Structure formats: structure tokens, C-alpha cells
Amino acid sequence: MAILDRILRAGEGKKVKALADILPDINALAAQMSAMSEAELRGKTGEFKSRLDRGETLEDLLIESFAVVREASTRVIGQRHYDVQLMGGAALHAGWVAEMKTGEGKTLVSTLPAYLNGLSGKGVHQITTNDYLAQRDAEWMGQIHRWLGLSVGLVISGRRSSSTEKRADYAADITFGTNNEFGFDYLRDNMAGTLDEKVQRGFSFAIVDEVDSILIDEARTPLIISGRVADAAKLYYRFASIVRTMVRDVDYDVEEDKRIVVPTETGIEKVEKQLGIDNLYDEVQQNFVHQLQVALKASVLYHRDKDYIIQDGEVKIVDEFTGRILEGRRWSEGIHQAVEAKEGVQIKEENQTLATITLQNYFRMYEKLSGMTGTAQTEAAELMNTYNLQVVPIPTNREMVRVDQADLIFKTEAAKFDAVVRDLEERHAKGQPVLVGTISVEKSEQLSKKLQQRGIPHEVLNAKQHTREAMVVTQAGRLGAITVATNMAGRGVDILLGGNPDGLARQDVLKEGHSPETLLDEFALPVALEMMPPDFITARDKAQQRYHELLEKYIEKCKVEGDQVRALGGLYVLGTERHESRRIDNQLRGRSGRQGDLGESRFYLSLDDELMRLFATGALSWVMGRALPDDEAIEAKMVTKAIERAQSTVEQRNGEVRKNVLKYVEVMNEQRKVIYQRRDQILQGLDLKAAAMEYLAEAVDALIEAHCVAEVDDEWDVSGLALELATFWPTKIAAANLASCDSTDEMYDLVMADASGFYALREIEMGDTVMREVERQVMLRIIDQRWREHLEEMDYLQEGINLRAVG
952 MAILDRILRA
962 GEGKKVKALA
972 DILPDINALA
982 AQMSAMSEAE
992 LRGKTGEFKS
1002 RLDRGETLED
1012 LLIESFAVVR
1022 EASTRVIGQR
1032 HYDVQLMGGA
1042 ALHAGWVAEM
1052 KTGEGKTLVS
1062 TLPAYLNGLS
1072 GKGVHQITTN
1082 DYLAQRDAEW
1092 MGQIHRWLGL
1102 SVGLVISGRR
1112 SSSTEKRADY
1122 AADITFGTNN
1132 EFGFDYLRDN
1142 MAGTLDEKVQ
1152 RGFSFAIVDE
1162 VDSILIDEAR
1172 TPLIISGRVA
1182 DAAKLYYRFA
1192 SIVRTMVRDV
1202 DYDVEEDKRI
1212 VVPTETGIEK
1222 VEKQLGIDNL
1232 YDEVQQNFVH
1242 QLQVALKASV
1252 LYHRDKDYII
1262 QDGEVKIVDE
1272 FTGRILEGRR
1282 WSEGIHQAVE
1292 AKEGVQIKEE
1302 NQTLATITLQ
1312 NYFRMYEKLS
1322 GMTGTAQTEA
1332 AELMNTYNLQ
1342 VVPIPTNREM
1352 VRVDQADLIF
1362 KTEAAKFDAV
1372 VRDLEERHAK
1382 GQPVLVGTIS
1392 VEKSEQLSKK
1402 LQQRGIPHEV
1412 LNAKQHTREA
1422 MVVTQAGRLG
1432 AITVATNMAG
1442 RGVDILLGGN
1452 PDGLARQDVL
1462 KEGHSPETLL
1472 DEFALPVALE
1482 MMPPDFITAR
1492 DKAQQRYHEL
1502 LEKYIEKCKV
1512 EGDQVRALGG
1522 LYVLGTERHE
1532 SRRIDNQLRG
1542 RSGRQGDLGE
1552 SRFYLSLDDE
1562 LMRLFATGAL
1572 SWVMGRALPD
1582 DEAIEAKMVT
1592 KAIERAQSTV
1602 EQRNGEVRKN
1612 VLKYVEVMNE
1622 QRKVIYQRRD
1632 QILQGLDLKA
1642 AAMEYLAEAV
1652 DALIEAHCVA
1662 EVDDEWDVSG
1672 LALELATFWP
1682 TKIAAANLAS
1692 CDSTDEMYDL
1702 VMADASGFYA
1712 LREIEMGDTV
1722 MREVERQVML
1732 RIIDQRWREH
1742 LEEMDYLQEG
1752 INLRAVG
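For the sequence shown, this note's numbering gives the first residue as 952, with consecutive numbering after it.
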């Protein structure tokens, strides 16, 4: 990876220069575009499409189309693309990852390649991490595309109930949505019973926002559609109870950094005694081995308020990278049920995998893939190896002036948090806004409690308050604001110094009693505005009028407040712990110092922190123990290097895991392609009768081979064959008829003729049309059933491989 990193970096300069070279040509068109009437500017879309029809390429249109979008954006939403944003847009069109710092306007950048590629009519997928951002971008940036005459679709969870509506969203020139919804729609399409149920239309071009989060952090997490199977709740509760009696380092050994728990001989004997069995590993008790394994993992490796939370009596997974609740997501292979048993909540029925794909394999289906993020350089080699994506750093519009202070390291977590509270108290007293980053729900609530005890007002943003995320983050730059957040904190949402006028205006409108629906963009309404009830239209007009009045007031207020915040040094970002990934640390820092704003960042660490505890050296602990009292911190190069080594170790390990996962799922991916291709052929009705006769021939051949494999006809089981044939169709073939055959080939001809004759008779009775429909339904049912069974076997095989690796 290190060699590839150097090679990739060597090519960056040429790419950046090539991107900069297009700027004079685009800027030269500015006056011409500005002079155009509305009709003339909007008419450029039709002109571009005609030129494509005549043989011009998208590259031929790039300069002019970018100039058109820039002018349209200025007129429609009042934002004009900077030169560096034009460079970012060209990088995305080229199929690269544009690395742009926080606050550089990545969302606006995406309008350029989305419009250009949308002209082709093949469809552009603009993909982000959550429903809020997808809907915001479809409404906000979609205004530009709709004004220019391109259609816009939106696919988010729960928005569309029918396949017809969703198909219309995918048929749009540009479709906004989340990575999960795009992936699940692909899986659902390949479970469809008819062509009319399918909604997607191909994979031409994708622009992935927060590309490192989606293609790296979430790459190991497969998208899974499951169905319920038999409930085994009693067994999970029983093993949860047994595991509570087991003692660490006596009954089981743990390697936390590798996430391994292994029962010892003593522990196995204890389990056998409580179950009342002689040998846990008897073939009959094989399920008990699995139950013990998942119960131990749930007890030792999965922690409440870190890996999951309990909400409404359910175990809900917390994403380790974003801190968000992964709604509807469940750990597989019995882990989720084991955690439910451990917590004593109701166990949901176990699921069988019906369809699955990793994000790695989903995104590799696109003909052209591009992405945007503020932090990609540390993963440049992996993005190239896995997705053939080149990372190109785009210059900032204004120089970055944020001050990143040296880390402060304390001996204990308690001392660290005491120092954090003192720092926050001082910052709050002078009015400087602070964003505090924590690595888990538990830590955010722990710090919040300390702040409450000191009477320091603050907001908490973690997986338990995800619905408030955008509102809290947009106002985190106001005077005196303290926002305690997990890693979820507002990727894709700008923190504006002095506050966000739009967010404040909307908040006040809602407080005054107006419905949230009245503030929606027309695009987001369930039907066209003119088709909505008259009462709603009247209410919407009042809400919109009030919103614009308040917006004008808050624009001025936030400007004044922003100047005051800048005078205090800008937004201060305080990290309470280093994440195992440098990218996550950089993302937190990047919340401050946007667009040349003043800002400051610092991390507070302790030897009790998870990263330090698992990976820091004993020498560091010894030095800290000898050098300092508990309540004092040190700044030392040795400590910084130890942290960097720890992060590098974890990143390398995670990279290897993703690489190994890809090797494993690549085999499954090829199998999936074959199965889904066959399904499509059946759905399209391509010579179903020929396929049915082919399957019939294979079945007859298998039956004969099962009963008459021997060369000597005396050893043929003709009676058994005759009986089994009669279970498939009312055959008149008797054992004597089969015994009279001189060879299995002759027997095959006899049986096949009888089966074909019966099939033909059924076709006459049912008619061609009905018979083809029956063939289609039966074939789909059998393929789906066999595929589900194969997926289940592969799950167990992978688990077995993992257990063997542990052993």
C-alpha cells in the first residue's frame, strides 16, 4: 500500500493542473451567459441534447455546460460556483474522488457533473448517507436542475409506496437517495415476481457524497433482506443465563483488539454441567456450540450505549463511525438475538437471508463512479485498489487558518474529563462556541452529566437524538453554544459562525404552530401543489410568508453574531478521545475553519481511552505514571507517535479485513450475477418452455443416476425409481418397463418420453398463456428457494471458517 500511495501522490499534481486548465475557458463564457434571457439560458439544455444526438460527447459539452449551471445556480439559489468548485466538478465528471475540505461547498459542486451527465438520459445517481441529506439536496440543488429542464427523483426509506412511483424516481435524469436505499432497491428488484415490480434501470454514473464513509467505513457491512424462520428464543435466554455465571480468564479467554472470545476447557465443563449433557461437541449438540459462541460475544464484546442502545424495548445498533442508530439493521448469525437475551428484552424471530450484497460490490457495478469527501487521502490506495478511484485534492477557495493545538494526555479518564469541563467553562464564559466530539453515546452522556452539575448550558447530539441532528449542528456556531456530539455530528451540514439563518427561521415558524409540511419545497409534496387541498395551500402561503420575514431578520442577526464569534477565535473543536481512524479525527477537526474562518481544535486524551489501552506501549504508561500527578497533562512527541502507531495499526488491520471480505464476497458476487441474470431471463419470458424442458431433462437424468448408477443391471433399483417417478407425475411406467431397458440411456429415453408427453397434455389443458405463467412462477420460486438455502449455507461456512481461524 505504501508504494501505491507514493505513486498515486506523484500523479496528483498533473491532475490538479489539468483541472485548473479548464477554468479560463469557463470563465470566458461568464459574460455571455449572464446576458442571456431566462428562456435562452434554459434553452441550452435542449441544444446540448441535440448536439449529443448528432455525435458530440459529454467532454465536448463540459466547458459550456459548466458555465450554464454556474449562471443558473446564481439566478435560482443565489450561489455562484467558485473556480475551485468548477475544478471539483470536473474531477467528479472524470470519475475521480474530489477531496475538498469541510465548508468548500461539495453539494454545489455536484450540480455540475450531475447536470452534464444527466443530459445523456441514462440517469445519474447522487448518493449520500442519510434521508435528511438526500431530501435536502433533492429540494435545494434540484431547483437548479428542474429550472434547466432536467427531471429529479428522490429515493429514501418510506417515501414511495408503489413500484410505479419509485420507477418514476429512477427514470428521472438525476436521482437523489441514500446508499442503503439504492442497494436495497437493487436486491428487491432481483426478488421481483414480475418485470412491473422492478424499479431500477441501470448503473450509468454515481456521485457518492461522503465517499470515504460509504465506500470504506461501511464496506464490510452487507445489505441484507431477511425473512423470518423458526423462533429459538428460549435457547438464547438459557445461554445468556449460563454465560452470566462464567468468569473471564477462567471460563473463557478474550482478545478484545481482535474481537475474539474462546471458551476454556473449564468453561466448557461448566456449560455441559448446566445443560445436563456429557459432551458439548457431540454431533447432536452442534447448535449448542453456536449458541455458546454468540452468547459469549454478546456478553463480552458488545457494550450497551457504545455498540447499541436500548430504545422502546428494542436493541438498536449504533454505527461505530457515525454514532447514528442503524434503524432496522440487525446483527446476523444470532448475535442480535444473543444481545437481546443478555439485556432481557423481547427476542425477535430469527431471520433467514433472502438476498444480500455488500456496498463494495454494489458500487462496482457502475460504469462510472465518483465521490466527494473532506478526508480521503489516508485511504487513497484502498479506493484505487477496490474501486479504481483516484483521489484528487482540490485547493481551498480561501487559505485554511484554523489552529490545531497539540494533544493533552492525562493519566486517567476522570482527570481528563475534569480538564475538559474546566476548558469548556472558560470558553463558554467568554462566549466562544464549542463543538465537543465523543466516540460513543455513553461518553457523550457522561460528559453531559458533568456539565449539568456545573450549570453549563449545552446541547447533546448522539444516536438517541438523531432527528434533531441538522437543527442542532447548524446552530453550533452561535455565541456561547456548546454542542456535545458523537461522530454523527453533521457530516454534510455546515456549522456557520453566528448561526444558520434558514434553520433559525424555520425553527421559529414551527414554534408559532405552522405545520412542517407547509415549509416543504413543492418537489417534496406528495402531489403537485395545485392538487393539494385549498386549506393546505392557504396555510402554506402564510407559513412561507412568515418564513421569509424571519429569514430576513436572522440573516442580519447571524451576520452580526458571526463577527462577534470571529473576534473570539471562531469555532473551537474539542475532541475527548482519538478515534481508531485518523480520518474520523480529521473530520471532527474539519468542522472548524470553513471557508477561511478562524478556528481552533484540540484533543484531550487519557491512558484509559480505548485506543491507548489496546495499542499504546507499556513504556508510555510507565513514563506517565512516574512523570505526573493524575490531574496534570503532558504534551510529548513520544505520546503523539504512540497514538499515530496505534491508529496506523488499526487502519492496517481494518484494511486487511476489508480486503479479505472482498475476496470472500467476490465469489458470492459472481454467483449472484449468474442467478440474477437467470431470473431476468425468466422474467422477460425468453423461451420458458425450452428452459422448462431443459430442467426436466436434468431432473430425469439425476433420478436415474440416483437409482441406477451401477453398470450391472442386476444392481439397478428399478422399483425405487418407479416409485419416485410416480411422486412427480402420474406415470404409467412400472418397474418391469424400466428393467427391460438395456442401458441407462434407453431408460432415460423411455422416462423422458413419458414425462414430455404428460407435460404436453397439461399444456393443452391449460393453454399456452397460462402454461408460460406457471412455468415462470415455478422457476422463480425454485431459483429463489435454492438461492436462499445457498446463502444460508455460505453464512454457516463463513462462520465455520472464522471459528477455525480462532482455533
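All C-beta atoms in this analysis are idealised placements derived from N, C-alpha and C, irrespective of residue type, glycine included.
Small disclaimer: the values here were computed from a predicted structure and weren't measured.
Let me check you understand the geometry: is the CB of residue i closer than 7 angstroms to at least one non-hydrogen atom of the ligand GTP?
i: Tyr1188; result: By its list of ligands, the structure shown contains no ligand whatsoever, and the ligand GTP lies outside what it can speak to.
Which of helix, strand or coil does DSSP assign to residue i?
i: Ile1175; result: strand
i: Val1478; result: coil
i: Ala1306; result: strand
i: Ala1432; result: coil
i: Glu1350; result: coil
i: Ala1157; result: strand
i: Ala1049; result: strand
i: Pro1344; result: strand
i: Met1323; result: strand
i: Gln1262; result: strand
i: Leu1059; result: helix
i: Arg1732; result: helix
i: Pro1759; result: The chain is shown only over 952 to 1758; residue 1759 falls outside these bounds and no answer can be derived.
i: Arg1315; result: coil
i: Gly1109; result: coil
Once you ignore the five residues that flank residue i on each side, which residues in its own chain have a CB closer than 6 angstroms to its CB?
i: Asp1124; result: Gly1069, Leu1101, Ser1102
i: Glu1169; result: Leu1310
i: Phe1127; result: Gln1077, Ala1085, Asp1088, Ala1089, Leu1105
i: Gly1464; result: none
Using the Cα positions of residue i and residue j, report the straight-line distance between them to the nearest angstrom.
i: Gln1496; j: Gly1449; result: 24 angstroms
i: Glu1697; j: Ala1687; result: 14 angstroms
i: Glu1223; j: Asn1230; result: 7 angstroms
i: Lys1401; j: Asp1631; result: 59 angstroms
i: Leu1634; j: Ile1078; result: 28 angstroms
i: Phe1133; j: Ser1321; result: 16 angstroms
i: Ser1108; j: Leu1043; result: 26 angstroms
i: Val1444; j: Thr1337; result: 28 angstroms
i: Glu1468; j: Leu1476; result: 8 angstroms
i: Leu1174; j: Trp1282; result: 11 angstroms
i: Ser1694; j: Tyr1646; result: 22 angstroms
i: Asp1204; j: Arg1280; result: 29 angstroms
i: Gly1295; j: Lys1185; result: 12 angstroms
i: Gln1237; j: Ile1260; result: Bear in mind that a pLDDT of 48 at Gln1237, under 50, signals an unreliable position, so the model cannot answer this.
i: Thr1215; j: Asp1258; result: 26 angstroms
i: Phe1709; j: Glu1724; result: 18 angstroms
i: Asn978; j: Leu1009; result: 19 angstroms
Who are the Cβ neighbours of residue i in its own chain at under 8 angstroms, not counting the five residues just before and after it?
i: Leu1480; result: Glu1473, Ile1488, Arg1491
i: Ile1095; result: Val1020, Ala1023, Ser1024, Val1027, Ile1028, Thr1062, Tyr1066
i: Gly1520; result: Gln1383, Leu1549, Gly1550, Glu1551
Does the distance from the CB of residue i to the CB of residue j come in under 8 angstroms?
i: Ser1399; j: Val1385; result: no
i: Ser1016; j: Leu1067; result: yes
i: Glu1055; j: Val1035; result: yes
i: Ile1360; j: Ile1585; result: yes
i: Gln1546; j: Arg1349; result: yes
i: Thr1129; j: Thr1058; result: no
i: Ile1446; j: Val1423; result: no
i: Thr1527; j: Val1371; result: yes
i: Val1266; j: His1241; result: no
i: Leu1502; j: Ala1456; result: yes
i: Arg1002; j: Leu1012; result: yes
i: Leu1689; j: Thr1682; result: no
i: Ile1167; j: Glu1330; result: yes
i: Val1343; j: Ala1289; result: no
i: Met1142; j: Asp1735; result: yes
For the beta strand (DSSP E) holding residue i, just list the boundary residues, first then last.
i: Ser1283; result: Ser1283 -> no beta strand (DSSP E), and no H or E assigned at all.
i: Thr1079; result: 1075-1079
i: Leu1067; result: Where Leu1067 is concerned, there is no enclosing beta strand (DSSP E), although the alpha helix (DSSP H) it sits in stretches over 1062-1069.
For the alpha helix (DSSP H) that contains residue i, what are its first and last residues?
i: Arg1087; result: 1082-1091
i: Leu992; result: 989-1004
i: Ile1506; result: 1485-1518
i: Ser1024; result: 1009-1027
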